[in-house]
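K.L.:
Just dropping this structure here.
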Amino acid sequence: MKILIAIHGNEPPGWARGLPRVLVLPSRAVVRLLPVVDVPAPAFTSLTPRARRAFRAARAQWQRDAETRVRIVVSVRAALSGQADIALGNVVGSNIFNVLFLLGLSALITPLAVSQQLVRLDVPIMIGVSVLLLILTLDRNLSRLDGVPLFTGIVAYTLFAIRENRREGAEVVAEYAKEYGGTAARGARRILAQTACILIGLSLLVFGARWLVDGAVARAKARGVSELVIGLTIVAAGTSLPEVATSILAALRGERDIAVGNVVGSNIYNILAVLGLSAILAPDGIIVAPAAVSFDIPVMVAVGVACLPIFATGHLIARWEGSLFVGYYAAYALYLILASLEHDALPLFSATMMAYVLPLTAVTLLVLYVRAARRP
363 MKILIAIHGN EPPGWARGLP RVLVLPSRAV VRLLPVVDVP APAFTSLTPR ARRAFRAARA
423 QWQRDAETRV RIVVSVRAAL SGQADIALGN VVGSNIFNVL FLLGLSALIT PLAVSQQLVR
483 LDVPIMIGVS VLLLILTLDR NLSRLDGVPL FTGIVAYTLF AIRENRREGA EVVAEYAKEY
543 GGTAARGARR ILAQTACILI GLSLLVFGAR WLVDGAVARA KARGVSELVI GLTIVAAGTS
603 LPEVATSILA ALRGERDIAV GNVVGSNIYN ILAVLGLSAI LAPDGIIVAP AAVSFDIPVM
663 VAVGVACLPI FATGHLIARW EGSLFVGYYA AYALYLILAS LEHDALPLFS ATMMAYVLPL
723 TAVTLLVLYV RAARRP
């Protein structure tokens, strides 16, 4: 496992001395983990399960923040360049990709655990912000006035998450200090080096986002495919690749409780932070394509709603449910391709999905949810 722990007021344990410092923590900080060095397994397993969960959650949060920054730069760049479909498709497509493909693939590797907090709080928030986005885009324009409440929402959600994490984090820090003890030294040279690395990384991120957006637009024009479809598929999958790697590795390591929280939190941040900031910075806001309002955003809402019965049945995503997710993402991608090409098979495919596949799935999930709710 690759994490380095730096705690304000405590000296790192013996096995961590001499390793690069990751961050100078403010006095009110609790704990910070970054995936930069190898931590010996005995040092990790000697901590209680609660502390290990906190470490894994912090590592997932750091990775989610990095992935969100990628999407923010890509969507803001697209919005400022007038490619509104890329900016919107990046977020909507990523949210659909995260739940259906990413969680489905992870569940195929190993059944995923779902915490009660996700079912009771985070998933309803994800559904709520998805419905809010649908309402705000009914006029086919995500204006600056629409972006303000979205971005305000992510600020409130982040403050709430910090407050909740501090309650458990204080106990984790006390446990860690009791296990290892000591005081931490700060180096101005290391702070400057870390600041330089951050600036270099942000510069490369801006250039990478420009190449991604320009390449996606050029490919769309060359193949006669709409920018919305490119944003929903290629750009969305491209910005989600780090999350795919993170979730698959977590599943292979047996960290079954990380992937689901990572995806739900990422989807919330995508709508509130990425689209909110893009709408605020874009001079004329983000023009929303009719297809996005009538189909893609409702699909995103439906995917979020489908999470509730699946997550609530035993607080576990089974392998067959993972295969169901992956199958639905394949069907969604196939629909986008057929629609963009105006293929003759599109009416038959749409009729089959609407008449048989979707109703059968809905009935199955409803039965499972009712059975789970009746269990004592």
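At position 373 of the sequence shown the residue is numbered 735 (our numbering), and the sequence of numbers has no breaks.
We put the beta carbon where it would ideally sit given N, CA and C, even for glycine.
(1) Please go through the same chain and pick out, in chain order, the residues whose beta-carbon is closer than 6 Å to the beta-carbon of Leu643, but skip the five residues on each side of it.
(2) Of the residues Ala441, Arg733, Ala584, which one's Cα is nearest the Cα of Arg506?
(3) Between which residues of its own chain and Gly509 is the CB-CB distance below 6 Å, once the five residues before and five after are set aside?
(4) Please list the terminal residues of the continuous alpha helix (DSSP H) segment that includes Asn452.
(5) Rounded to whole angstroms, what is the Cα-Cα separation between Ile458 and Ala717?
(6) At the level of alpha carbons, what is the spacing between Ala555 and Glu704?
(7) Mind checking which residues open and close the alpha helix (DSSP H) that includes Arg776?
(8) Does the beta-carbon distance from Ser609 to Ser477 come in below 8 Å?
(9) Compare the Cα-Cα distances from Pro660 to each of Gly466, Ser492, Ile487 and report the closest residue.
(10) Need the endpoints of the alpha helix (DSSP H) that Val626 sits in, please.
(11) To the nearest angstrom, how far is it from the Cα of Asp447 to the Cα of Glu589?
(12) Touch check for the region 661-680 and the region 479-488: three-plus C-beta pairs under 8 Å?
(13) How would you label Leu470, buried or exposed, when you count the other beta carbons within 10 angstroms and need 16 or more for buried?
(14) I need the DSSP call for Leu475, collapsed to helix, strand or coil.
(15) Exposed or buried, which one is Ser408 when buried takes at least 16 other CB atoms within 10 Å?
(16) Looking only at C-alpha atoms, which of Ile497, Asp706, Asp501 sits nearest to Ile649?
(17) Here's a check: name, in chain order, each residue in its chain whose Cβ is nearer than 7 Å to the Cβ of Tyr690, leaving out the five neighbours to either side.
(18) To which residues does DSSP link Ile648 through a beta bridge?
(19) Would you grab the beta carbon distance between Gly451 and Ala598 for me? Rounded to a whole angstrom, and I think it's under 8 Å.
(20) Please confirm whether Met488 and Asn629 have their CB atoms less than 8 Å apart.
(21) Output yes or no for whether 8 Å exceeds the beta carbon distance between Leu708 and Ala701.
(22) Measuring CB to CB, does Met662 end up less than 8 Å from Val454?
(23) Here's a check: name, in chain order, each residue in its chain whose Cβ is nearer than 7 Å to the Cβ of Val667, leaving out the five neighbours to either side.
(24) Please report the Cβ distance between Val432 and Thr601, rounded to the nearest whole angstrom; I am assuming they are in contact, meaning their Cβ atoms lie under 8 Å.
(25) Rounded to a whole number of angstroms, what is the C-alpha to C-alpha distance between Ala693 and Val626?
P.N.:
Reading from the atomic positions:
(1) Excluding positions up to five away in sequence, the list reads Val438.
(2) With distances taken between CA atoms, Arg506 lies nearest to Ala441 out of Ala441, Arg733, Ala584.
(3) Cβ within range, chain order: Gly638, Ala641, Ile642.
(4) Asn452 -> alpha helix (DSSP H) spans 446-459.
(5) Straight-line Cα distance between these residues: approximately 22 Å.
(6) C-alpha of Ala555 to C-alpha of Glu704: approximately 53 Å in a straight line.
(7) Residue coverage of the chain in this structure runs from 363 to 738, which leaves residue 776 outside it and unanswerable.
(8) No. Outside cutoff.
(9) Per the Cα distances, Ser492.
(10) Per DSSP, Val626 belongs to the alpha helix (DSSP H) from 620-631.
(11) Asp447 and Glu589: Cα-Cα distance of roughly 6 Å.
(12) Yes: the two stretches touch, three or more of their Cβ pairs being nearer than 8 Å.
(13) Answer is buried; the Cβ neighbour count reaches 16.
(14) Going by the sequence as given, residue 475 is Ala instead of Leu. Taken through DSSP and simplified to helix, strand or coil, Ala475 comes out as strand.
(15) Any reading at Ser408 is ruled out, since the residue's pLDDT is 47, under 50, leaving its predicted position unreliable.
(16) Selection Ile497, Asp706, Asp501 evaluated against Ile649 yields Asp501 as nearest (Cα-Cα).
(17) The beta carbon of Tyr690 lies closer than 7 Å to those of Leu462 in the same chain, with the five residues before and after it left out.
(18) Checking the DSSP bridge columns, you'll see Ile648 partnered with Leu504.
(19) Correct: roughly 6 Å between the Cβ atoms.
(20) Yes, they are a contact pair.
(21) Between Leu708 and Ala701, the CB-CB gap stays under 8 Å.
(22) Cβ distance < 8 Å, so Met662 and Val454 count as in contact.
(23) Taking Val667 as the centre and dropping the five residues before and after it, the same chain places the C-beta of Ile489 closer than 7 Å to its C-beta, in chain order.
(24) Right, their Cβ atoms sit about 5 Å apart.
(25) When rounded, the separation of the alpha-carbon atoms in Ala693 and Val626 is 22 Å.
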